[in-house]
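J.: First the structure, then my questions, so here it is.
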Amino acid sequence: MQRPAKGKTPRRPALKKTSHTQKDPVGVYCRIRPLGATDEECCIEMISSTTIQLHAPDGIKANRNGEYKETQYSFKKVFGIQTSQIELFEDVAKPLVDDLIHCKNGLLFTYGVTGSGKTFTMTGSPGEGGLLPRSLDMLFNSIAPLQAKRFVFRTDDKNGMEIQGQVDALLERQKRDSNQQSAVPKTPSSKQKPDPEFADMISPGEACKCEGVDEDSCYSVFVSYIEIYNNYIYDLLEEAPIDPIRHKRPGGDTPLRIPELILPQSKILREDQNHNMYVSGCTEVEVKSTEEAFQVFWRGQKKRRIADTQLNRESSRSHSVFIVKLAQAPLDADGDHILQDKNQVTVSQLCLVDLAGSERTSRTKAEGSRLREAGNINQSLMTLRTCIEVLRENQMCGTNRMVPYRDSKVTHLFKNYFDGEGKVRMVVCVNPKADDYEETMLVMRFAELTQEVEVARPVDRPICSLAAGRRHRNQALRDELSRRQEERPGGPNNTEDGLVLNQLLDSLPALPACELVDPTDEQILPRLIEVLERRHRIRQMITEQYTRTANTLKSMLQEFDGHLMAKENFIHEQRGKLGEKDKIMFNQKNEMDRLEKKSKMLEYKIDILQKTTNIYEGDKRSLQQELESREQRLQRELSERKRMEGTH
């Protein structure tokens with residue numbers, strides 16, 4: 001059967017930039033899930049590493065009238081059925097983790113129809129860790145030796161971060177340890193055995209880390225986990241409350257904790273002083289290792305709502321959002337403790353979102369609560385599409401239509417990513433089987449639309465004015481002092497001065513045991529005088545040796561002070577040069593802005609001249625055609641006149 005000619009989706013006009021802020025388009029990737037059975041009909045073909053082709057299956061062509069063309073869709077990158085989890089992470093999530101460590105926000109979400117592999121892409125399985133566990137592993141591999149002690153950073157109830165003193169942090173750690181010791185463990189070895197769902201999630205050979213981490217800062221990681229179910233926000237890490245009235249043990253007054261019978265309380269969204277949206281009252285857990293973060297994630301994952309449908313045995317009935325918040329602050333001038341200045345604290349966050357899949361109730365045969373869940377899922381995804389459409393229209397046409405973020409909790413929560421700054425990436429998961437053709441086509445159109453939306457590029461945070469290398473400076477000075485003392489003829493461990501002092505102390509003669517009865521005793525007195533004179537000479541030698549050692553140490557300290565002063569002068573000089581470079585860069589930036597404006601003006605003039613030239617060329621062609629027609633008519637009239645003259 002001959003296929004119709006391939007039709008490629010026409011490219012839309014480029015977006016018009018309405019501000020001087022640098023923007024980047026939303027990065028949209030496509031991942032194709034393997035077919036469930038080898039004999040299933042496929043409706044997706046991977047053309048290249050950035051293009052796929054969607055063609056209608058034979059059943060739809062036979063049952064419906066009209067011509068179905070094979071349509072191609074382009075993405076930033078397409079991942080085929082043979083793509084491993086580590087390959088997907090390297091291209092999609094690794095740059096976001098790198099930005100997180102460098103104080104930049106990021107948003108990553110999976111999108112697609114139900115059963116297309118979104119949860120597997122985000123979470124993974126034992127031996128095939130997804131984007132979320134690999135992101136956590138890379139984060140802790142990069143900052144593990146630079147983390148602050150627990151409770152040094154502390155979150156407040158307004159989406160901010162505070163710094164506690166060393167004493168307060170120590171008291172909170174002791175309180176936490178005492179609470180853990182007093183708590184009754186579930187099993188004797190529950191702390192040592194990891195959850196089997198996350199055992200061997202990432203092999204050691206696949207571990208990676210970020211380069212260029214600021215070693216003069218301290219870091220702390222906080223995680224939170226929420227789900228949006230029926231357009232209500234629930235905290236998956238919140239401990240289930242105890243109902244003191246309804247649930248009691250038989251024959252006693254002790255409340256019985258039954259989480260399944262106690263409805264969780266929904267949370268509300270608020271806006272902080274920086275106009276960022278956050279979930280008020282959400283549990284934020286400070287974690288210090290990849291394993292601890294996995295345990296917290298899995299604790300919330302067990303509470304997430306899933307159900308069995310006709311199309312997916314484990315269908316997500318809610319949108320899940322795992323938020324990784326990284327707090328960092330510079331060290332003080334000595335490089336020993338965190339600088340006690342709240343204004344120096346920088347907080348960046350990475351949101352990993354697993355959107356529930358869109359579904360048609362005619363295929364899932366949903367009823368009752370499943371039908372209500374599907375309706376809310378589809379409505380929230382439709383609101384997301386509407387917001388993307390309005391954003392695209394505002395950016396391309398220069399309009400100022402209000403984006404309906406508040407129509408859904410999903411869009412309202414991530415409002416600041418699209419209106420503010422940050423890097424946004426979306427992984428479109430598709431199932432190539434023919435039964436999902438119509439839903440897949442809608443997903444492709446939404447993905448194509450999303451790629452045309454631009455978000456503000458994250459800006460670099462200001463660099464701390466303190467000198468670099470503070471963390472290792474004191475240790476380096478101590479190491480240098482020890483090395484020089486060992487190189488000197490009299491080192492601290494095996495030196496002549498030390499041996500002389502020890503020998504002198506050991507050679508101090510003991511006072512003789514005697515009893516003086518007669519002041520004219522010529523035996524005891526001379527012997528006592530001799531011993532005292534020897535002790536006096538040895539004391540003088542010890543004093544001289546101490547003076548020499550003190551002078552040596554004093555000269556070494558003066559030498560170190562000289563080196564330190566020279567380094568401070570060098571740093572001051574470099575700061576001056578840096579200020580001059582900043583001025584030059586500022587002037588160059590102004591010049592670049594001026595040239596860019598001039599270039600845009602010239603492009604505008606060229607465009608006008610091109611249009612004018614096209615008009616003139618059109619007029620010229622029409623006049624040329626009219627001239628040729630008149631010449632032909634004149635030739636015909638002349639030939640007719642000659643013919644008539646010849647007849648007469």
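Every letter in the sequence shown is one number past the one before it in the working numbering, and letter 287, counting from 1, is 287. The C-beta atom is built at its ideal place from N, Cα and C for all residues, glycine as well. Since the structure is predicted, the reported quantities are computational estimates derived from the model, not experimental observations.
(1) Suppose only complete runs of 3+ residues qualify. What are the beta strand (DSSP E) ranges in the region 299 to 343, listed by chain order?
(2) Could you spell out where the alpha helix (DSSP H) holding Glu617 opens and where it closes?
(3) In the DSSP output, what is Lys77 paired with across the bridge?
(4) Which residues does DSSP pair with Phe109 in a beta bridge?
(5) What does the Cβ neighbour count give for Asp235, buried or exposed, with the cut at 16 atoms within 10 Å?
(6) On the three-state DSSP scale, how would you describe Cys218?
(7) Count the other CB atoms, across all protein chains shown, that sit within 10 Å of the CB of Lys423; report buried if there are 16 or more and exposed otherwise.
(8) Going by alpha carbons, who is nearest to Glu284 out of Tyr219, Asn159 and Val390?
(9) Once DSSP output is grouped into helix, strand and coil, what is the label at Ser190?
(10) Is Pro255 helix, strand or coil by DSSP?
(11) Looking only at DSSP bridge pairs, what is Ala456 linked to?
(12) So Arg392 and Glu452 are supposed to be a Cβ contact under 8 angstroms. How far apart are they, rounded?
(13) Please name the residue or residues paired with Ser266 in a DSSP beta bridge.
(14) Once DSSP output is grouped into helix, strand and coil, what is the label at Met402?
(15) Could you check which residue in Ile323, Asp157 and Met122 has the C-alpha nearest to that of Asn722?
(16) With a Cβ-Cβ cutoff of 7 angstroms, do Ala329 and Gln349 count as a contact?
(17) Does the beta-carbon distance from Gln379 to Glu454 come in below 7 angstroms?
(18) Going straight from the alpha carbon of Leu466 to that of Lys577, what length do you get?
(19) Look at the alpha carbon of Arg548 and the alpha carbon of Gln558, and state the distance between them as a whole number of angstroms.
(20) What first and last residue would you give for the beta strand (DSSP E) that runs through Arg154?
(21) Check Val296 in the structure and name its three-state DSSP category.
(22) Taking contact to mean 3 or more Cβ pairs, one atom from each stretch, closer than 8 angstroms, check whether the region 294 to 303 and the region 219 to 231 are in contact.
(23) Tell me the rounded alpha-carbon separation between Cys464 and Asp334.
(24) Can the beta-carbon of Val113 be found less than 7 angstroms from the beta-carbon of Leu139?
(25) Output needed for Arg483: all residues of its chain with C-beta closer than 7 angstroms, excluding positions within five of it in sequence on either side, in chain order.
(26) Can you give the Cα-Cα distance for Pro462 and Glu215, rounded to whole angstroms?
T.: Reading from the atomic positions:
(1) 319 to 330
(2) Counting along the chain, the alpha helix (DSSP H) containing Glu617 begins and ends at Ile524 to Thr647.
(3) Tyr29
(4) Val353 and Met426
(5) buried
(6) strand
(7) buried
(8) When each option's Cα is compared against that of Glu284, the closest is Asn159.
(9) Confidence in Ser190 is poor, its pLDDT being 40 and thus under 50, which makes the residue's placement unreliable; the coordinate value appears in the next sentence. Residue state, collapsed to three classes: coil.
(10) Residue placement at Pro255 is flagged as unreliable, the pLDDT there being 41, under the threshold of 50; the coordinate-derived value follows with that caveat. Note: Pro255 maps to strand in three-state DSSP.
(11) Lys23 and Glu421
(12) 5 angstroms
(13) Tyr234
(14) coil
(15) A question about residue 722 goes unanswered here, because the residues of the chain that appear run from 1 up to 648.
(16) no
(17) Contact: no.
(18) The straight-line gap separating the alpha-carbon atoms of Leu466 and Lys577 is approximately 16 angstroms.
(19) 15 angstroms
(20) Phe153 to Thr155
(21) helix
(22) yes
(23) 14 angstroms
(24) no
(25) none
(26) If I take the Cα positions, the gap works out to 16 angstroms.
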